[in-house]
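S.K.: Heads up: the sequence shown begins at 285 in the numbering used here, then just goes up one per residue. In this text, a Cβ means the ideal position worked out from N, Cα and C, and glycines have one as well. Owing to the predicted nature of the structure, the values given are computational and were not obtained by experimental measurement.
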Amino acid sequence: QRQGLYDPRNESDACGVGAVMDLQRRESRKILTDARDMVVRMAHRGAKQANENDGDGVGIMLSLPDEYFRAVTVFELPPFGGYGVGNIFLPQQTEKRDDCIK
Numbered sequence: 285q286r287q288g289l290y291d292p293r294n295e296s297d298a299c300g301v302g303a304v305m306d307l308q309r310r311e312s313r314k315i316l317t318d319a320r321d322m323v324v325r326m327a328h329r330g331a332k333q334a335n336e337n338d339g340d341g342v343g344i345m346l347s348l349p350d351e352y353f354r355a356v357t358v359f360e361l362p363p364f365g366g367y368g369v370g371n372i373f374l375p376q377q378t379e380k381r382d383d384c385i386k
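1. Which residues in the same chain as Asp350 place their Cβ atom closer than 6 Å to its Cβ, once the five residues preceding and following it in sequence are excluded?
2. Opposite Gln287 in the DSSP bridges: which residues?
3. What's the C-alpha gap between Val323 and Val342?
4. Whose CA, out of Asp382, Ala303 and Leu361, lies closest to the CA of Ile315?
5. Considering only the alpha carbon of each residue, which of Asp291, Thr378 and Phe353 lies closest to Gly370?
6. Helix, strand or coil: how does DSSP classify Lys386 here?
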């Protein structure tokens, strides 16, 4: 069921999915390093490019430091749970990068 930023209509097949978490909801750098280690050990997707010229990419989902974001942004954020944050890596070639931005 739809909840926050999650919408099941966006689901699709995916291989190489893993989860690392603390069931007591404690914050820890170990969670991040364990997630990184898991990704590195995967035989494909983020750990190894399926196409030599174009990586599949990989993501690690983290909790949002809402208090920090509110302190450093120069614009008003929606209520917690109503926004997301991400990094997008664009191609280095100008034409390809411009196409992505469009």
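M.R.: Let me spell this out:
1. Phe364, listed in sequence order.
2. Partner(s): Tyr290.
3. In this structure, the CA atom of Val323 is about 8 Å from the CA atom of Val342.
4. Checking every option, the nearest Cα to that of Ile315 belongs to Ala303.
5. Selected option, being the one with the closest Cα: Phe353.
6. In the structure shown, Lys386 sits in coil (DSSP, three-state: anything other than H, G, I, E or B).
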